[in-house]
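Peer 1: Please see the structure below; I have some questions.
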Amino acid sequence: MIALSTSPVTRLEQGSLSVRCYVALRQSLMEGRFRPGERLVMQDLAEMMGASATPVREACLRLVSEQALELRSGRFVTVPDLTVTRLTELMTIRIALEG
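Residue numbers for the sequence shown follow the working numbering, beginning at 1480 and rising by one.
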């Protein structure tokens, strides 16, 4: 188990664990705590956050649907590489949403 002080995600408080896992993972991705191409084992993420596997899996699948993660198997996901094409696409979407 990874020590919490060096963990890229924080331990969760009680509440809707699926949503809290999603928010914590999304924030970690946005802050660059995971490297592009990095393999994230869902069970390890669950242990880091003090959650069971199910809410972490649900959070990861939500992030996969948003293309923030890539599903590689039922047990792990990877952080996608940020290409120039993908960055341009994200900027276009953000400009359209934010005006």
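We put the CB at the ideal spot given by N, CA and C, even for glycine.
At the level of alpha carbons, what is the spacing between Ser1486 and Leu1519?
Peer 2: Ser1486 and Leu1519: Cα-Cα distance of roughly 12 Å.
Peer 1: Could you pull out every residue in the same chain whose Cβ sits closer than 7 Å to the Cβ of Arg1514, ignoring the five residues on either side in sequence?
Peer 2: If we look at Arg1514 and ignore the five residues flanking it on each side, its Cβ neighbours are Val1558.
Peer 1: Identify whether Val1556 lies in helix, strand or coil by the three-state DSSP scheme.
Peer 2: Note: Val1556 maps to strand in three-state DSSP.
Peer 1: Whose C-alpha, out of Thr1571, Thr1567, Gly1578 and Val1535, is nearest the C-alpha of Arg1499?
Peer 2: Comparing Cα-Cα distances from Arg1499 to each of Thr1571, Thr1567, Gly1578 and Val1535, the minimum goes to Val1535.
Peer 1: How many whole angstroms separate the CB atoms of Ala1538 and Ser1497, which I take to be in contact at a CB cut-off of 8 Å?
Peer 2: Indeed they touch by this definition, with Cβ atoms about 6 Å apart.
Peer 1: Exposed or buried, Ala1575, counting other C-beta atoms within 10 Å across all chains shown (16 or more means buried)?
Peer 2: It is exposed - the Cβ of Ala1575 has fewer than 16 other Cβ atoms within 10 Å.
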